[in-house]
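Letter by letter, the sequence shown follows residues 525 to 829 of my numbering.
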Amino acid sequence: MSVFPQHKYPLRSLNHVHSCPRRCPLVLRVICSATTKPRLNQSQLVVEPRIEMSPDQLVSPASPPLLNDPSLQSTWSHRVWLASGCATVMFSLAKAIVGAASSHVWLEPVLAGYVGYVLADLGSGVYHWGIDNYGDASTPVFGAQIEAFEGHHKWPWTITRRQFANNLHALARAITFSVLPIDLLCNDPIVHGFVALCSGCIMFSQQFHAWAHGTKSKLPPLVVALQDVGVLVSRSQHSAHHRPPYNNNYCIVSGVWNQFLDKHKVFEALEMVLFFRLGVRPRSWSEPSIEWIDDTETASQVAVQ
Ligand SMILES: [Zn+2]
Ligand SMILES: [Zn+2]
């Protein structure tokens, strides 16, 4: 779920400076939630440790990208990875259809495909929650994506300017490596029904995400219709993810899991477990650093250019 976009605009949350406590004197700060942003959703005074940074230690946010910035364009490498991802998904889908046709059993592969579509949404939410809340740019494997997600929260609108293959190539590469072995080793149409729909939805989740940031009048009517009936994540549901308290609506395929996960505070429970087991605080517990505030003013300035 790249929001793999803003690699060029590295951003770091102030949370990331926990590794330098001796250089960054710890002070106590009293926050009255009635007069500050409702990040913590609390009505009482909160005493919270805060890291005081000297000016030279602050990481200044990068400038917003230009509309024609090369980092938003697709490269041939992006297109090749997207093609390979599509090929592996289509091969799995073909195996599901051929297997169902030859065995005259259609119900199970179709049901498996539906389960794959539903679980892809859940998977997108779990992954997005993890990337949004834990690790930093130096985290192995996921560092670039964590950094990119932070960039997306700073300038959400850039995802709508990103070219198709640029937006999807990272997921397409992961899908290629994970689905290709299944394509080669498995002939079960039920398995392929599940794999094809699940991996396809995950690979295109970044496009669904981009459409969720789109303006209704500029989106294809079919996309708007699919968003309105809940087949694709809706614009209103995802916009809530980019508003305080920044800890809900993580799912970006259909969004069908969002209400259940948020109503039952599933991610908040997981955050508590991780905190008490490992002592790791999720970013959503902290007041938004400047990197996490939607720079809508800047966005609107650029949008009219
Ligand atoms: Zn997010
Ligand atoms: Zn978004």
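All C-beta atoms in this analysis are idealised placements derived from N, C-alpha and C, irrespective of residue type, glycine included.
Original post:
So residue 761 is in the alpha helix (DSSP H); what residue range does that whole segment cover?
Top reply: Within the sequence shown, numbered from 1, the residue matching residue 761 stands at position 237. Per DSSP, residue 761 belongs to the alpha helix (DSSP H) from 759 to 765.
**OP:** Assess, as a yes-or-no matter, whether the segment 766 to 778 is touched by the segment 636 to 652 under the definition of 3 or more beta carbon pairs within less than 8 Å.
**Re:** Touching, per the Cβ criterion.
Original post:
Looking only at its own chain, which residues have a Cβ that is under 8 Å from the Cβ of residue 712, when we skip the five neighbours before and after it?
Top reply: By 1-based counting over the sequence shown, the position of residue 712 is 188. Within the same chain, residue 712 has close Cβ partners 623.
**OP:** Look up residue 641 in the DSSP assignment and say whether it is helix, strand or coil.
**Re:** Taking the sequence shown and counting its residues from 1, the one referred to as residue 641 is at position 117. Residue 641: helix per DSSP, three-state reduction.
**OP:** State the Cα-Cα distance for the pair residue 666 and residue 682, rounded to the nearest angstrom.
**Re:** The residue given as residue 666 occupies position 142 in the sequence shown. The residue given as residue 682 occupies position 158 in the sequence shown. Going from the Cα of residue 666 to the Cα of residue 682 covers about 21 Å.
Subject >> Residue list, Cβ distance to ligand 1 heavy atoms smaller than 6 Å >> reply: 652, 656, 673, 677 and 765
Original post:
Leaving out five residues before and five after residue 762 in sequence, what residues of the same chain have Cβ atoms less than 8 Å from its Cβ?
Top reply: Looking up residue 762 in the sequence shown gives position 238. Here the set comprises 733, 736, 737, 773, 776 and 779.
Original post:
At what residues does the alpha helix (DSSP H) containing residue 771 begin and finish?
Top reply: Here residue 771 refers to the residue found at position 247 of the sequence shown. Premise fails: residue 771 is in no alpha helix (DSSP H) and is neither H nor E.
**OP:** Check whether the Cβ of residue 699 lies closer than 8 Å to any heavy atom of ligand 2, and answer yes or no.
**Re:** What you label residue 699 is simply residue 175 of the sequence shown in a count that begins at 1. No, ligand 2 has no heavy atom inside 8 Å of this Cβ.
Original post:
Under a three-way DSSP split, which group does residue 680 fall into?
Top reply: As a first step, residue 680 is located in the sequence shown; it is residue number 156 there, counting from the start. Helix, per DSSP.
**OP:** Counting only runs of 3+ residues fully inside the segment 584 to 668, write out the beta strand (DSSP E) ranges in chain order.
**Re:** none
**OP:** Along the alpha helix (DSSP H) that carries residue 710, what are the first and last residues, could you check?
**Re:** The sequence position of residue 710 within the sequence shown is 186, counting from 1. Premise fails: residue 710 is in no alpha helix (DSSP H) and is neither H nor E.
**OP:** Confirm, please, whether the CB-CB distance from residue 605 to residue 700 is below 9 Å.
**Re:** Position 176 of the sequence shown, counted from the start, is the residue given in the question as residue 700. Position 81 of the sequence shown, counted from the start, is the residue given in the question as residue 605. The answer is yes: Cβ separation under 9 Å.
Original post:
Mapping DSSP to helix, strand and coil, what is residue 810?
Top reply: Stepping through the sequence shown from its first residue, residue 810 is reached at position 286. Per DSSP, reduced to three states, the secondary structure at residue 810 is coil, with no helix or strand assignment.
Original post:
Do residue 791 and residue 630 have their C-beta atoms closer together than 9 Å?
Top reply: To locate residue 791, count along the sequence shown from 1; it is residue 267. To locate residue 630, count along the sequence shown from 1; it is residue 106. No, these two residues do not count as a Cβ contact at 9 Å.
Original post:
Do you know whose CA, among 801, 686, 796 and 715, lies nearest residue 639's CA?
Top reply: For this step, residue 639 is matched to residue 115 along the sequence shown. Relative to residue 639, the option among 801, 686, 796 and 715 whose CA is nearest is 715.
**OP:** Verify the contact flag: residue 683, CB atom, against every heavy atom of ligand 2, threshold strictly below 8 Å.
**Re:** Here residue 683 refers to the residue found at position 159 when the sequence shown is read from its first residue. The answer is yes for residue 683.
Original post:
Measuring CA to CA, which of 662, 649 and 689 is closest to residue 603?
Top reply: The sequence position of residue 603 within the sequence shown is 79, counting from 1. Minimum Cα distance to residue 603 is reached at 689.
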